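Residue numbers for the sequence shown follow my numbering, so the first one is 1464 and each next one is one higher.
No residue lacks a Cβ here, since even glycine has one placed at the ideal position from N, Cα and C.
Here the structure is a predicted model, which means the values were calculated and not measured.
Data block below; observations after.
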Amino acid sequence: MAANAVKIPEKVVFNRSTFEQFKFYTRLYGETEWGGLCIGFQKNRAFYVRAIILPPQKRKSLGSCEFRKELFPLLTKQLIELQNKYKDFYDYRIGVWIHTHPGFGVFFSGTDINTFRYLTKLSPDYLGVVLDPIKNQVIGYNSRIQSPEEENRDIEAENQETIEKPDSFQEIPVEFADPESTKDQEETFLRELTEYISSPRASQLIEDTKNIEVFVPLAEKDHFIRTMSLRIQYVEERIAELRHQTRFEVTQGRIESQLRRLLASSEVKHRDIAIPDYVVIKKDGFHYSIREEREIAIEQIRWNEINDFNAKVVQEMTHPQHGNKAHILLVSIEKQKKRLFAKPIMKRFFIYTMNISDFYQCLAEYSPSARIQWDNLEGKTVDDKEQSDTPSSIDEESETREQQNQQDGEKTELPDDGNE
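Right, dumping it as structure tokens:
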């Protein structure tokens, strides 16, 4: 169909609530580009956007994005079904391709021009909109081809700026209409469209797609609730990512004295055992901090630097009231040689944890070759009369060992204390 055989819109008008939701979402997730489609209707020479559909991206980065083409037939099919049900909305269609340029301005890149040229060959009345949610800028284009005179005039007016401008498509105004009272039937139409598009059934029809975001006009109160729910969703996702990156974490300050007593009883064989204040196991390695006089040294051992990782349980305790188990681990790490004839570097730590299963899971995921040993220990239980936390049982046991050592004239060797 020739471009002059259809009425090509000369401006695009967004419902303000719909657009603000889209801008809010893409600003939250502004580390990458986003692309989607707009649904609305054309009246005279303006296209009025009522809904923005934003699927998870097939590929995305700070400088590009791509969603699956299956979104087009999915939306078209649902629009036809709803239009058969609600005759007044026969003219609703997909009319705008919208995507973001987070932080680097609004224009059509070379890739954008090729994409929009393809879309306008399918339907010349398609419009293109670019939003920069960080700089709060927006620009729109239709499929009209600028004449050479118009192109030269634009360049002269802009003093031949180096910013890439679309030299083949005409820029059009982008306007916003304040939320007006939506008719009951239109509200029902948009609600049913939203329910279907954002349903698991629709998501399954698009490969690798978990959910599809739909933004439609909302009243002020509902708009506020929607934006708050998006913010909560974003925070929960970031927390989940951090939990995945930091799977095991322990602070040992509360039982430092007990650990040092245990260390003192093993100083003959293990003079190099350290007691870190803080231990974190991440995807990239083993992180810990050591206090040295008035300074704190924060160090990291990457997984690819480790030749051997051995963790040995040397103490187990069970609290009689809540039944939680605590463990002391002797962790031995042999780092790879930096030179051919150099001696391997050994690092040894005492680590106290009340979540040993998480420790195991992290090692299984990040360092599958790690070896874990468990001494044949009897579970140690805190005395019912004691009001202190579990670590006090370590203190008592250390005192008992010291008394035995004085009687026997020998030092107890860890980690063989469980075989006494």
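Looking only at its own chain, which residues have a Cβ that is under 7 Å from the Cβ of residue i, when we skip the five neighbours before and after it?
i	result
V1679	T1481, R1513, A1514, L1653, T1657
T1583	Y1589, S1606
Q1869	Residue confidence for Q1869 is low, a pLDDT of 49 falling below 50, so the modelled location carries little weight; the figure read from the coordinates is stated next. Within the same chain, Q1869 has no close Cβ partners at all.
Y1511	V1476, G1503, F1504
L1693	F1487, Y1488, L1491
What's the C-alpha gap between residue i and residue j?
i	j	result
V1569	L1594	6 Å
Y1823	V1698	28 Å
Q1648	C1528	35 Å
Q1609	T1489	30 Å
I1886	A1703	The structure shown does not extend to residue 1886, since the chain is modelled only from 1464 through 1883, so no value can be given for it.
I1857	I1819	At I1857 the pLDDT is 39, less than 50, meaning the model places this residue with poor confidence; the figure from the coordinates comes in the next sentence. Approximately 17 Å, taken between the alpha carbons.
A1509	K1486	21 Å
P1587	I1471	7 Å
V1476	K1745	48 Å
F1579	D1685	34 Å
E1533	K1521	11 Å
E1624	K1798	Here the model assigns E1624 a pLDDT of 45, short of 50, so the residue's position is not dependable, and the following value carries that caveat. If I take the Cα positions, the gap works out to 55 Å.
P1739	A1760	10 Å
V1794	R1802	24 Å
L1537	I1516	11 Å
I1635	V1592	9 Å
G1781	I1736	At residue 1781 the sequence reads Thr, which differs from the Gly that was named. If you take the alpha carbons of T1781 and I1736, they lie about 25 Å apart.
N1787	V1743	21 Å
R1531	Y1492	19 Å
N1622	G1526	Note that N1622 scores 47 on pLDDT, short of 50, meaning its location in the model is unreliable and no value can be drawn from it.
I1576	L1585	14 Å
Y1549	L1826	58 Å
R1864	V1776	Only weak support is given to the placement of R1864: the predicted model assigns it a pLDDT of 44, under 50, and the question is left unresolved by the model.
D1554	F1687	30 Å
K1506	V1677	23 Å
Can you check whether the CB of residue j is closer than 9 Å to the CB of residue i?
i	j	result
I1814	I1796	no
Q1484	T1651	no
Y1751	E1762	yes
K1598	G1566	yes
I1695	I1675	no
G1499	I1561	yes
F1772	R1834	yes
A1774	M1817	no
W1497	T1574	no
F1639	G1558	no
L1545	F1535	no
In this structure, what does DSSP give as the bridge partners for residue i?
i	result
W1497	W1497 is not bridged to any residue.
H1562	G1498, V1593
K1806	According to DSSP, which records beta bridges pairwise, K1806 is partnered with nothing at all.
V1476	Y1511, E1638
C1528	K1523
E1676	L1517
A1737	F1812
Y1604	G1591, E1634
N1773	S1795, R1834
V1569	Per DSSP, none; premise fails for V1569.
S1752	Y1741, I1761
F1504	Y1511
Can you find the residues in the same chain that come closer than 8 Å, C-beta to C-beta, to residue i, ignoring five residues on each side of it along the sequence?
i	result
L1668	E1533, L1537
S1524	T1495, E1496
Would residue i count as contacting chain C if we go by Cβ distances under 9 Å?
i	result
E1650	Checking the listed chains, one finds no chain C in this structure; it contains a single protein chain.
Here's a check: name, in chain order, each residue in its chain whose Cβ is nearer than 6 Å to the Cβ of residue i, leaving out the five neighbours to either side.
i	result
V1637	V1475, V1601, G1603
K1800	P1807
I1753	A1737, P1739, A1760
P1831	none
M1809	E1797
W1766	G1748, Y1829, S1830
I1641	For the sequence presented, residue 1641 should be read as Asp rather than Ile. Closer than 6 Å at Cβ, skipping near neighbours: R1479.
A1682	none
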